[in-house]
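To keep things clear, I will list the structure first and then write my remarks on it.
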DNA sequence: TAAACAAATAGATAATGCCGATTACTAAAA
DNA sequence: TTTTAGTAATCGGCATTATCTATTTGTTTA
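Protein chains in written order, with the working numbering: chain E, 3 to 326; chain S, 3 to 326.
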């Protein structure tokens, strides 16, 4: 979504008019470069070509040559050669402070680049599907922020399919999802295991267990296509040779909490992440009904483009997830 | 004097501590140069090495090479190569606006240098001895300012010797003096002719003319050593085989107006530029006493170091003097 | 799978940077 | 004046770098 897209595309997309052929046909083709400026500054400070050459550990003829080049590219004299000594011209006097400034700016840029590559700070946008985004990431974000206070942590919750495709389109750098997608561009790294459990309101069902076959007799609530929960469930059904179409689907809902709410209101049963219903199970509002001889394990993955370089705050976050 | 010295020496003299061996032992010895940055900017804008190469009229491998160099010198990746496309890394995103800024600054410097070499503006300090500084330059300055309003005109009045030596020491770029000095470093260009006249108060003398011989009978006021007026006068005496020591010197004074005042008060006679006493001669306060068969002509010169490059406002002033 | 496209690599050549030795010039000293 | 010392410019040559074309490698699309 545009929220995150701007992160990468803002200036990248701007064509910026003007300043076209400014490097085309200059007198000698030579352009004022950084090295020239460094030498100029040294000559100006030392008031001597020879002393500048000692200062910079290069030969005096090289200094002469570079100053000449610089003078040619600027089309002016920078120093009057007076025999025993030199004096800067008006142009030299103008150039000197600017050159110092420019070299300073260059150093600053170098520092900023280094910092951008090592400083754990800035926006950290993690895409996540419902379960990790709601029940896992907030905790992780808290402890991460404590360690790296300069990071602005943002959690973007969409279903697993949406998150994955955003990463494919470079709208997002990494995410935590509950379903793998076949793509050789993406890395999926297993993070933690979850279990889907069949839950129902005690008013709807009070059986202790069900067999797979019995499933088709139960009114059923399901998630939308693209949901990792749904995909895990369907994979499970396939594995146990149960045709999903024979389920008695009473509704398709767009979020875990919507499904949970509907289950609480006895509209049907559903399979939901244990982690998302743990509270309700503990309090007895919902009932877990084990399926005979089977568990629906599912894995959450960290997903990212395998070719993209992650900024340091993202790398730190990935480490944080694996370690703590 | 320090007033003008600062013009050339201010930053020139400052050694500026710190930032010593910062260019010494970097990984590949390569330094981020302007050309690299231009190529980087083009790649970033075009989102493609190939399109950047077309844009800049160099080959694609050259672009690859330069980006690689830049990446090495910054010790980071700037673009992730994704196969068909590229995306800037966080470092690339940081570098881009800075690089644009830096290239802009460079252009600005070029413009400023050009301007410094052609723009008739800024301080214009003209050294002058008493006569030209008092009776000629103010008029010239007025008409010059009218033509070039951006010039700050300053007249520094010292005697001819002082002005000339300041120019020799680079404390001044040009001056107008009434006496030549033998030096192969200086250019003296004749500007205008003046005449020294023998003047006295009517109370002191009422002769119509005097002979050279009669001079020793007259109480005489003279200028200090270094004065162009005095030197011209002594040259004259030498030419007519008159020994200056035989003059009846009653006082040596430090300025033309001091001498003039003293003459008015009948302390003695003196030789003064006609231009400086024209008013008094016209009104009859002072009397011009021609010396038989002789005129004391003297020349004013524009003087400057022959090796120094003059800034544009100085060149414009020199032209102005010759023409108008 | 083949075709098209983009960047990386390789090998060759031209341009440039850099050096040491020398020259030319100036200023100071003998 | 001549000599000496100091400083920048020039020269010839070597080393490095920039750039090119041709090719390879890898990715995406048909």
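Note that CB positions come from ideal geometry on N, CA and C, so glycine has one too.
Residues near residue i in its chain [Cβ-Cβ closer than 7 Å; skip 5 each side]
i	result
residue 61/E	55
residue 304/S	176, 178, 191, 193, 320 and 323
residue 218/E	248, 249 and 250
residue 94/E	46, 80 and 81
residue 318/S	122 and 150
For residue i: DSSP bridge partner residues
i	result
residue 189/S	306/S
residue 296/E	293/E
residue 179/E	303/E
residue 224/E	254/E
residue 242/S	Residue 242/S pairs with nothing; no bridge assigned.
residue 275/E	198/E
residue 88/S	83/S
residue 54/E	Paired residues: none, contrary to the question.
residue 154/S	125/S
Residues of its chain near residue i, where Cβ-Cβ distance is below 6 Å and the 5 sequence neighbours each way are ignored
i	result
residue 161/E	131, 228 and 229
residue 124/E	315
residue 139/E	130 and 157
residue 151/E	none
residue 38/S	68 and 72
residue 88/S	81
residue 289/S	202 and 204
residue 128/E	157
residue 143/E	155
residue 244/S	214
residue 135/S	157 and 159
Best match in the options for proximity to residue i [C-alpha to C-alpha]
i	options	result
residue 64/E	81/E, 123/E, 83/E and 41/E	41/E
residue 287/S	167/S, 265/S, 273/S and 102/S	265/S
residue 183/S	325/S, 78/S, 295/S and 307/S	307/S
residue 86/S	109/S, 51/S, 70/S and 134/S	51/S
residue 260/E	192/E, 133/E, 49/E and 110/E	133/E
residue 262/S	231/S, 92/S and 215/S	231/S
residue 109/S	174/E, 185/E, 298/E and 35/E	35/E
residue 223/E	274/E, 210/E and 186/E	274/E
residue 239/E	298/E, 280/E, 187/E and 196/E	298/E
residue 185/S	163/S, 196/S, 173/S and 197/S	163/S
Three-state secondary structure (DSSP) of residue i
i	result
residue 33/S	coil
residue 113/S	helix
residue 79/E	coil
residue 269/S	coil
residue 232/E	helix
residue 125/E	strand
residue 133/S	helix
residue 105/S	helix
residue 316/E	helix
residue 93/S	helix
residue 212/S	strand
residue 159/E	strand
residue 204/E	coil
residue 142/S	helix
residue 40/S	helix
residue 321/S	helix
Other residues of its chain near residue i: CB distance less than 8 Å, five sequence neighbours each side excluded
i	result
residue 221/E	206, 250, 252, 269, 270 and 271
residue 43/S	98, 101, 102 and 105
residue 196/E	133, 180, 275, 276, 277, 299, 300, 301 and 302
Within 7 Å, strictly: CB atoms of residue i and residue j
i	j	result
residue 82/S	residue 47/E	no
residue 234/S	residue 300/S	yes
residue 194/S	residue 302/S	yes
residue 294/E	residue 213/E	yes
residue 96/E	residue 118/S	yes
residue 256/E	residue 226/E	yes
residue 159/E	residue 76/S	no
residue 292/S	residue 211/S	yes
residue 276/S	residue 199/S	yes
Proximity test, residue i beta-carbon vs the ligand NAP heavy atom, cut-off 6 Å
i	result
residue 139/E	As for the ligand NAP, it is missing from this structure, which has no ligand bound.
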